[in-house]
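*Asks:* Protein chains in written order, with my numbering: chain G, 1 to 95; chain X, 1 to 467.
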Amino acid sequence: MTRPTFFWMSRPIPFSDGESIAAALTAAGIVSLGRDPVGQSARYFCGIGACQACTVRVAGVPREACLTRAEAGARVEPLHPAPLHLVQGEPGDAA
Amino acid sequence: MRPDAPRKIERAMDVLVVGGGPAGMACASACARQGLSVTLVDQRASLGGAIFRQPVGGAAPVPQPASSRQRWRRLLADLTSAPGLDLRLETLFLGLEADGLALIEDRNAGRVLSLRPRALVLATGAVERILPRPGWTLPGVVTAGGLQVLMKETGRPPAGRVVLAGSGPLLLAVAAQMTGLGHPPLAILEAGDPLRRWSAGLALIAHPALLREAAGYLATLARARVPWHRGAVLRRIAAESEGEGETLVATWTDRRGASHSLAADRIALHDGLAENAFGLPEDAAASPRRPLVLRIGDCRAALGAPAAIADGTAAGERIAARLASPTGRQATDAETEPAALARHRAAQGHIARAFAPLAPVSPADLADDTVLCRCEGRTVGDLKRLLAEDEGLSPRELKLSGRFAMGACQGRFCAANTAALTSSLTGATTPFAPGAFTGQRWPIRPVPIAALAAPAPAPSLPDESQT
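1. For A77(X) and A26(X), what's the separation of their Cα atoms in angstroms?
2. Residues of chain G with CB closer than 9 Å to the CB of Q43(X), please, in chain order.
3. At what residues does the alpha helix (DSSP H) containing D78(X) begin and finish?
4. Closer than 7 Å by C-beta to G407(X): which residues in its own chain qualify, once you throw out the five before and the five after it? Chain order, please.
5. Could you compute how far the alpha carbon of L79(G) sits from the alpha carbon of I237(X)?
6. Measuring straight from C-alpha to C-alpha, what distance separates E242(X) and L210(X)?
7. Just list the residues that DSSP pairs L273(X) with in beta bridges.
8. Using the rule of at least 16 other Cβ atoms within 10 Å of the residue's Cβ for burial, across every protein chain shown, is Q70(X) buried or exposed?
9. If we require 4 or more residues per run, which alpha helix (DSSP H) segments fall completely within the stretch 13-57 of chain X?
10. Using only CA atoms, which one of A239(X), L186(X) and A347(X) lies nearest to L202(X)?
11. Note the first and the last residue of the continuous beta strand (DSSP E) segment covering E77(G).
12. Which residues does DSSP pair with F45(G) in a beta bridge?
13. Going by DSSP in three states, S401(X) sits in which element: helix, strand or coil?
14. Give the interface partners of T154(X) over in chain G, defined as CB-CB distance under 8 Å, in chain order.
15. At a Cβ threshold of 8 Å, is A12(X) touching chain G?
16. Do you know whose CA, among T154(X), P281(X), R161(X) and Q177(X), lies nearest E97(X)'s CA?
17. DSSP has V56(G) in a bridge; who is on the other side?
18. Secondary structure at A102(X), three-state DSSP: helix, strand or coil?
19. With a threshold of 8 Å between beta carbons, is C375(X) in contact with chain G?
20. Would you say L67(G) and G49(G) are within 8 Å of each other, going by their C-beta atoms?
21. Using the three-state DSSP reduction, which class does F437(X) fall into: helix, strand or coil?
22. Would you list the one or two residues that DSSP bridges to L202(X)?
23. Roughly how far, in whole angstroms, is the beta-carbon of V58(G) from the beta-carbon of R43(G), given that I think they are within contact range, below 8 Å?
24. Check A419(X) in the structure and name its three-state DSSP category.
25. Alpha carbon to alpha carbon, how far is P157(X) from A59(X)?
26. Taking Cβ to Cβ, would you say L341(X) is nearer than 8 Å to A315(X)?
27. Should F45(G) be flagged as near chain X, meaning a C-beta pair shorter than 8 Å?
28. Who are the Cβ neighbours of D193(X) in its own chain at under 7 Å, not counting the five residues just before and after it?
29. In chain G, which residues lie less than 7 Å from R412(X) when you measure between Cβ atoms?
30. Thinking A126(X) and E275(X) are a contact (beta carbons under 8 Å), I'd like their distance in whole angstroms, please.
31. Whole angstroms are fine: how far does the CA of R318(X) sit from the CA of A285(X)?
32. Going by other Cβ atoms of all chains shown within 10 Å of its Cβ, with 16 needed for buried, is S167(X) buried or exposed?
33. Which residues mark the beginning and the end of the beta strand (DSSP E) in which A305(X) is found?
34. Count the other C-beta atoms from every protein chain shown that fall within 10 angstroms of the C-beta of F7(G), then say buried if there are 16 or more, exposed otherwise.
35. With a threshold of 8 Å between beta carbons, is L409(X) in contact with chain G?
36. My understanding is that P448(X) touches V61(G), with C-beta atoms under 8 Å, so please give their C-beta distance in whole angstroms.
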């Protein structure tokens with residue numbers, strides 16, 4: 001039986017029913033979740049929605065990867081797609 | 001930030017319980033059995049909190065003590081049989097507005113709702129203390145609790161070489177659970193030495209259940225020959241290239257000061273537990289415009305699941321009595337801790353003494369480039385420079401000009417460390433409290449502007465997968 005997948009950027013990531021995005025990405029060996037505006041890697045850390053360090057975009061909406069269930073076909077991307085100096089400002093993202 | 005338009009009250013209830021861990025579940029059950037209307041919200045898609053995180057997709061549960069499994073079954077059975085409970089999952093508490101409305105973000109509906117409860121119960125649990133060390137913000141460095149909840153969720157141990165470091169019994173529990181899943185960690189670096197703290201250890205004889213649990217973990221680790229280095233301090237973590245990829249290198253010192261290093265794929269940190277009370281409203285008696293507010297469980301005092309269940313159950317009964325009284329204006333509960341909790345408090349005190357670091361690292365001794373505040377990338381050196389310019393800066397001024405405790409985590413992981421370093425650098429006679437940096441305001445966590453502005457009823461979230 002083929003497991004459902006969501007997309008981390010363009011890469012399909014398999015997951016089990018009910019699994020969080022963070023758990024599925026971790027199982028796929030993805031540790032860095034993109035760069036944040038101060039140049040550090042976003043990454044899974046506390047697992048309880050407190051540190052915000054694993055926040056990614058799910059269908060465009062910022063969500064903590066550790067709190068959010070994976071859904072088949074969902075598009076998951078880094079919160080900040082490219083280093084900030086290459087992007088002309090992302091107002092509101094640092095809120 | 002405060003929307004100007006008056007909010008429509010979308011639902012009123014007797015009790016709103018925030019957090020579906022042991023305290024919140026026990027309290028919601030108790031309130032419902034007293035005939036109160038109860039709404040229970042939790043941020044995740046399933047109940048249990050971190051301690052009772054449930055396996056997904058048919059995964060086998062992680063090995064747990066029988067007493068813990070029993071507590072979970074009981075909590076769930078009580079809640080399931082509680083009459084008329086309104087359970088809202090994937091729903092986050094944002095705060096209490098000045099006019100007494102509780103704001104929650106319903107992530108399935110993609111919008112913020114205003115509720116008017118007569119009592120607001122906060123059961124948001126505990127958060128791990130993580131001391132700053134060079135390299136603690138690198139990918140692959142997680143909290144020990146973060147590592148543990150992933151194991152509980154997936155039934156799988158973390159992949160690769162794992163080092164557990166910091167201090168406290170949770171390091172032993174996580175190591176034993178990894179071992180039980182067939183993948184022991186490389187080592188545990190424990191800053192304390194409970195085997196040498198005789199008096200604290202002896203005091204725990206009065207708490208045989210805790211000792212049995214600890215003995216079970218130690219036996220598992222001894223069989224798997226997992227080294228438990230006591231008096232060991234993790235000094236720094238570096239990312240180094242190894243073959244095709246990168247590896248983490250942990251540098252640590254033993255109790256004699258000799259330096260060692262370990263290459264690992266995951267480093268899990270833990271320096272104790274603290275109340276997850278950041279930004280929460282204070283306990284308060286009900287007033288005509290504001291609900292009764294009560295913190296329960298680990299967010300009131302981080303004493304563990306059995307204490308949280310006792311606290312939640314007792315709070316449910318008190319709330320019912322309070323709401324039934326015509327004035328509803330009796331004293332708040334801060335001074336009336338249930339007697340059963342005294343025992344848990346004593347036990348946690350003994351454990352804290354047993355695991356007290358042998359040679360605590362002062363934050364003032366950390367290298368200047370050590371990150372204090374991860375969200376904003378602010379370092380020990382940044383704080384030292386600010387205070388060198390003006391030692392009299394208040395925590396609020398340090399936050400506003402230095403951006404400490406200002407980022408997306410709202411100080412949950414840096415406020416205590418920033419407060420400790422500020423106290424140490426200024427020689428403050430009264431140490432600064434973390435709350436002086438975090439302050440109290442809503443929203444207590446980031447919320448999409450679109451959800452705040454969404455009209456009611458809103459279309460569901462842009463989510464292509466739902467049909």
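Glycine is no exception: its CB is placed at the ideal position from the N, C-alpha and C atoms.
*Replies:* A quick look at the data gives this:
1. Answer to the nearest angstrom: the Cα atoms are 10 Å apart.
2. In chain order: I48, G49, E64 and L67.
3. Per DSSP, D78(X) belongs to the alpha helix (DSSP H) from A66 to S81.
4. Setting aside the 5 residues that flank it on each side, G407(X) is surrounded in the same chain by C373, C375 and E376, each with a C-beta closer than 7 Å to its C-beta; the list follows chain order.
5. Counting only the Cα atoms, I237(X) lies some 25 Å from L79(G).
6. Looking at the backbone, the Cα of E242(X) and that of L210(X) are separated by about 41 Å.
7. Beta bridge pairing from DSSP links L273(X) with E128(X).
8. By the neighbour-count definition (other C-beta atoms within 10 Å, threshold 16), Q70(X) is an exposed residue.
9. The stretch 13-57 of chain X contains these whole alpha helix (DSSP H) runs: 22-33.
10. With distances taken between Cα atoms, L202(X) lies closest to A347(X).
11. That run of the beta strand (DSSP E) goes R75 to P78.
12. Partner(s): none; F45(G) has no beta bridge.
13. In the structure shown, S401(X) falls within a helical segment according to DSSP collapsed to helix, strand and coil.
14. For T154(X), the residues of chain G that pass the 8 Å Cβ criterion are S16, E19, A23 and A27, in the order they occur in the chain.
15. Chain G contact via Cβ: absent.
16. The residue among T154(X), P281(X), R161(X) and Q177(X) with its C-alpha nearest the C-alpha of E97(X) is P281(X).
17. In the DSSP output, where bridge partners are listed per residue, V56(G) has R63(G) and P78(G).
18. Strand.
19. Answer yes: the Cβ-Cβ gap between C375(X) and chain G drops below 8 Å somewhere.
20. Yes, the Cβ-Cβ distance between L67(G) and G49(G) is below 8 Å.
21. Annotated three-state conformation of F437(X) is helix, per DSSP.
22. Beta-bridge pairing links L202(X) to no other residue.
23. In this structure, V58(G) and R43(G) do not form a Cβ contact; the two beta carbons are roughly 17 Å apart against a cut-off of 8 Å.
24. Helix, per DSSP.
25. Their backbone Cα atoms lie some 12 Å apart in a straight line.
26. No, the Cβ-Cβ distance between L341(X) and A315(X) is not below 8 Å.
27. The beta-carbon of F45(G) is placed less than 8 Å from the nearest beta-carbon of chain X.
28. Closer than 7 Å at Cβ, skipping near neighbours: R230, G231 and L358.
29. Near R412(X) (Cβ distances below 7 Å), the residues of chain G are A50 and C51.
30. Contact between A126(X) and E275(X) is confirmed by a C-beta separation of about 6 Å, below the 8 Å threshold.
31. Using only the alpha carbons, I get a separation of about 12 Å.
32. Result: buried.
33. Looking at the DSSP string, A305(X) is not in any beta strand (DSSP E); the run it does join, the alpha helix (DSSP H), is A305 to A324.
34. It is exposed - the Cβ of F7(G) has fewer than 16 other Cβ atoms within 10 Å.
35. Note that residue 409(X) is Cys in the sequence shown, not Leu. Chain G has a Cβ within less than 8 Å of the Cβ of C409(X).
36. Their Cβ separation, rounded to whole angstroms, is 6 Å, which keeps P448(X) and V61(G) in contact under 8 Å.
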